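Notes follow once the structure below has been shown.
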């Protein structure tokens, strides 16, 4: 009875794992059907009827469960199957092989292996897996597995059951910590995105109001110029036109890439750059519609350009420059942002990590998360007096 209880817990954790790694369509009917099939198969292979395959009977049941979960992810997961299939099959096949174990000690040993595999995959999915914490998790569960093996000759399995419960409690504790970190990051990200969008809105609104104000005065400007022409005041006319040119430069749109969101972000940031005395060189040619979400594009470009402007402000005005290049080539979005920087950068500056309090560090973390979301590439490079950021995103 304990054996089937252990396998039921494994299957429950496997269901939880599937929910965490995917973006599944909501619906209780789908979940009830999935639970009914998988738990039904598990119970069926343990019914007290004559078995025709021994351990292979359990293995076949495990494969059926794995295939069911795989098909569930195939039809109801919003993430591409190319990124998900192995994340389902690896623990699924492990579950099938572990089901071949008949002895309680064997199941207990498999339990530790199954727990650590799920933890490592969940850590990787959430972006918290590194060599240090991976080895730490493997080491802890390795010690528990060794303890089970050391006490394998005990007639009473009380100690083994205690270690088994400890493995489950440890899984819940570690997974609870990972889940809390993820939820905290998501909340911070949502707040950060609202702040970014609010900032972009205010910048774009200011440009729009300036343009509307200039257009409102357009008729008056024409009347003044006509009056000066009729009066023959050529010199006054020349001065007046020069003043209008300066005013027009402050409301001009610097970029017309073809993509509305990219134009809005670039024009607002480049307008700020001009106000800070930064020499701007920008070329952007984009299609009207791209597969990158507007919010994500806003966060990517907004953060990289904000960091570039901040770096330019740290050097004298005569040395400030900003170069932006964006193009779509062979179904890939390529963007290059180069800016003037200090001759010697510290570690944080080389990696766009601000030492100031606020959202700067979160901003670059969000940029990296978005690059990973679209399976893209981000390269940060610096030479004396110049910093460059390049990104490539498949469309």
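Numbering (my numbering), first residue to last: 4 to 398. Glycine included, each C-beta is placed from N, C-alpha and C at the ideal position. Everything numeric in this text was worked out from a predicted model, so none of it was measured.
I'd like the list of long-range same chain contacts for residue 6, defined as Cβ closer than 7 Å, with 5 residues on each side in sequence excluded.
107, 110
Counting C-beta neighbours from all protein chains within 10 Å, is the total for residue 325 16 or more, i.e. buried, or is it exposed?
Counting Cβ neighbours within 10 Å, residue 325 comes out buried, since at least 16 surround it.
Quick one, are the C-beta atoms of residue 272 and residue 300 less than 7 Å apart?
no
Among the residues of its own chain, which have a CB less than 8 Å from the CB of residue 174, if the five just before and after it don't count?
16, 118, 121, 122
Hey, residue 135 and residue 181: beta-carbon distance below 7 Å or not?
no
List the endpoints of the continuous beta strand (DSSP E) containing residue 283.
282-288
Name, in chain order, the residues that DSSP records as bridge partners for residue 406.
For residue 406 there is no data in the structure shown, the boundaries of the chain being 4 and 398.
Tell me the DSSP secondary structure of residue 329 in three-state form.
strand
Select from 320, 25, 262, 310 the residue whose C-alpha is nearest the C-alpha of residue 297.
262
Can you check whether the CB of residue 381 is closer than 7 Å to the CB of residue 394?
Result yes, Cβ atoms of residue 394 and residue 381 sit closer than 7 Å.
Starting from residue 312, follow the alpha helix (DSSP H) in both directions and report where the run begins and ends.
Looking at the DSSP string, the run of the alpha helix (DSSP H) that includes residue 312 is 297-315.
For the alpha helix (DSSP H) that residue 126 lies in, which residues bound it at each end?
107-128
Of all the options 312, 265, 33, 385, which has the alpha carbon lying nearest to the alpha carbon of residue 2?
For residue 2 there is no data in the structure shown, the boundaries of the chain being 4 and 398.
So which of 313, 304, 345 has the shortest CA-CA distance to residue 328?
304
For residue 277, I'd like the list of residues in its chain whose CB is within less than 7 Å of its CB, leaving aside the five on either flank, ordered along the chain.
Setting aside the 5 residues that flank it on each side, residue 277 is surrounded in the same chain by 283, each with a C-beta closer than 7 Å to its C-beta; the list follows chain order.
In angstroms with no decimal places, state the Cα-to-Cα distance between residue 66 and residue 74.
Residue 66 and residue 74: Cα-Cα distance of roughly 12 Å.
According to DSSP, is residue 262 part of a helix, a strand, or is it coil?
Residue 262: coil per DSSP, three-state reduction.
Can you tell me the Cβ-Cβ gap for residue 321 and residue 279, rounded? I've got them flagged as a contact below 8 Å.
With a Cβ gap of about 13 Å, residue 321 and residue 279 do not count as contacting.
Going by Cα to Cα distance, which pick from 154, 397, 378, 342 is closest to residue 313?
342
So, is residue 236 buried or exposed, given that buried needs 16 or more other C-beta atoms within 10 angstroms?
exposed
Let me see if you follow: with CB-CB separation under 7 Å, is residue 33 close to chain B or not?
The structure shown has no chain B; it contains just one protein chain.
Just how far apart, CA to CA, sit residue 38 and residue 28?
15 Å
Short of 7 Å in beta carbon distance, which residues of its chain neighbour residue 102, apart from the five on each side in sequence? Order them along the chain.
10, 61, 62, 64, 65
Alpha carbon to alpha carbon, what distance is there between residue 376 and residue 86?
11 Å
Cα-Cα, which of 80, 45, 32, 59 is closest to residue 409?
The chain is shown from 4 up to 398; residue 409 falls before or after that span and cannot be answered.
Report the option in 335, 281, 311, 259 whose CA atom is closest to the CA atom of residue 295.
335
Quick one: what does DSSP say residue 397 is sitting in, helix, strand or coil?
strand
Per DSSP, residue 80 forms a beta bridge with which residues?
27
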